[in-house]
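Numbering (the numbering used here), first residue to last: 78 to 623.
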């Protein structure tokens, strides 16, 4: 029989984050009022509500309110806590995780969730047929490689012990595994709902979350309705949430000022930012929050001439990052590397590629492109991203690169990035990377690692360095508390090696600003929630319920 440790002993053994055993009744706001509806606006329609697929700013918090996973986070924080798992135990070697599920948790169709659903969901997200951009997160589960290769139909490392117990065996120690179990990709779905909807499951969305999908009129609105049977007693506070799509951000701001909108989902329009902050009444409705964010340009290493590392380095030298930050009213600092400065593992003394037009021209000439070349730059069509793309275009023209701008809806840019040969360059703005969890590894696997360089993935540079991948696996196998500093140093080395290969141009690290109507209640942190981006709908409420 395996030797099991309690949660406290686990923390000492593996240096994992402190966790509390949640009873499902905590974190209620004594000042909250029940009832009411809020209105959120977005410019673009929602691509999908399938938790195995959805991976953008717009649908992340929506999915989190429709589904649950084994692990969760304390609202407004990055502090892990159990979710659908009532408790868990971990073997002494850190290789076997045994999750005890809560009993009586119901899917929106009224059926009880069991361990079979957990296994089905993990098998589904790692099945290559699903084309999940998050599949690589689960690479440490035993049997993942065979599953990823399409050789088997289920993960050998996920075992149903009984209806309320699931055991997950890893193939290697993984310091991030509990965080992975809190990702949307690990959400539990019902097989019958997936089977019934087929390819349209992302439009039907049936989970165990605080809200259920009540209406989705394509191009107009989505309505989430309160799940009266939600397992966290006392939540949610709201009766419903309406998401109106097709709303230009400037119009959304005007509607918020008129009391018709509660949160503009696309944020404060950059062109209006100074006006808003200069008006005391409007500024009082602004919430600012830090975020683990990097905005970057991807250079597709599969598409010539970006298969030439000197070309990629020249592009890095050509971009005037200081000027680009001014396009967003200075709400960011220039970036030198993939990690943001507040993330452990950030390399403090690394200056990156200096802005140097002459050096960029010389390097481009050495690479055989003295006369430059033509290419395409894909960008999300929501302000300020087209203006940032124009600034990038102007910078590139100074070294002889002619880049035509493809300004498209978010879903179209994401789709192009997920194809190996469609997008030579992408400005990530509006879709830029914000950490799924506060660990250096999260800026690598899905967006720079080999597992993310797949159809439908988010590694839009299609960069895959097997040696660096091996270093990443080694770093995440360092679970000994005495190895914390060594692990962070290895992650620093990894990102420095990535910058040598230059598949990205890191541009800036942005602060987050949003607004809420005067009727909205709940802590400010819920509106800049680092996990339920952008808003934690389960915990916010309105103060004018009649």
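Built from N, CA and C at the ideal position, the CB exists for glycine as well.
May I ask you to report which of helix, strand or coil DSSP gives residue i?
i, result
"residue 608", "coil"
"residue 303", "strand"
"residue 619", "strand"
"residue 568", "helix"
"residue 459", "coil"
"residue 491", "helix"
"residue 236", "strand"
"residue 247", "strand"
"residue 278", "helix"
"residue 503", "strand"
"residue 420", "coil"
"residue 88", "In this prediction, residue 88 scores a pLDDT of 36, lower than 50, which makes its location untrustworthy; no coordinate-derived value is stated."
"residue 382", "coil"
"residue 202", "helix"
"residue 338", "coil"
"residue 603", "helix"
"residue 284", "coil"
"residue 574", "helix"
"residue 346", "coil"
"residue 558", "helix"
Could you please give the first and the last residue of the uninterrupted alpha helix (DSSP H) stretch that includes residue i?
i, result
"residue 327", "326-334"
"residue 260", "It is not in any alpha helix (DSSP H) - residue 260 carries neither H nor E in the DSSP assignment."
"residue 441", "434-443"
"residue 291", "That residue, residue 291, is in no alpha helix (DSSP H); its beta strand (DSSP E) goes 288-294."
"residue 402", "398-404"
"residue 353", "350-354"
"residue 225", "221-225"
"residue 312", "That residue, residue 312, is in no alpha helix (DSSP H); it is neither H nor E in DSSP."
"residue 425", "Residue 425 -> no alpha helix (DSSP H), and no H or E assigned at all."
"residue 551", "543-553"
"residue 524", "522-525"
"residue 579", "Here residue 579 belongs to no alpha helix (DSSP H), and DSSP marks it neither H nor E."
"residue 516", "Where residue 516 is concerned, there is no enclosing alpha helix (DSSP H), given that its DSSP letter is neither H nor E."
"residue 359", "357-360"
Beta strand (DSSP E) containing residue i: first to last residue?
i, result
"residue 485", "478-485"
"residue 390", "Run containing residue 390: none in the beta strand (DSSP E); it sits in the alpha helix (DSSP H), 386-395."
According to DSSP, which residues form a beta bridge with residue i?
i, result
"residue 371", "510"
"residue 589", "366"
"residue 411", "585"
"residue 207", "Paired residues: none, contrary to the question."
"residue 450", "478"
"residue 321", "118, 298"
"residue 598", "618"
"residue 218", "247"
"residue 376", "502"
"residue 242", "177, 239"
Taking 8 Å as the cut-off, is the beta-carbon of residue i closer than that to any non-hydrogen atom of the ligand GDP?
i, result
"residue 394", "What this structure holds is no ligand at all, so the ligand GDP is not there to describe."
The segment 229-243 touching the segment 191-203, judged by at least three CB pairs closer than 8 Å: yes
Cβ contact check for the segment 473-480 and the segment 445-461: 3 or more pairs under 8 Å: With the cut-off at 8 Å, the segment 473-480 and the segment 445-461 touch.
Every unbroken beta strand (DSSP E) inside the segment 113-192 [3 residues or more]: 114-119, 148-150, 157-159, 162-168, 173-178
Meets three-Cβ-pair contact criterion under 8 Å: the segment 410-422 and the segment 551-569: Counting Cβ pairs under 8 Å, three or more are found: they touch.
Validate contact between the segment 364-382 and the segment 577-597 using beta carbons, cut 8 Å, 3 pairs: yes
Contact between the segment 160-169 and the segment 128-141 (3+ Cβ pairs under 8 Å): They do not touch, by the three-pair rule.
Three CB pairs or more closer than 8 Å across the segment 587-603 and the segment 354-364: yes
Inter-stretch contact (C-beta, 8 Å, three-pair minimum) for the segment 344-354 and the segment 308-327: Taking one beta carbon from each stretch, the segment 344-354 and the segment 308-327 have 3 or more pairs nearer than 8 Å; the two touch.
Stretch-stretch touch, CB-based, cutoff 8 Å, three pairs: the segment 595-609 with the segment 374-392: no
Touching by the beta-carbon criterion (3+ pairs, under 8 Å), the segment 207-226 and the segment 306-314: The answer is no - the segment 306-314 does not touch the segment 207-226, with fewer than three Cβ pairs under 8 Å.
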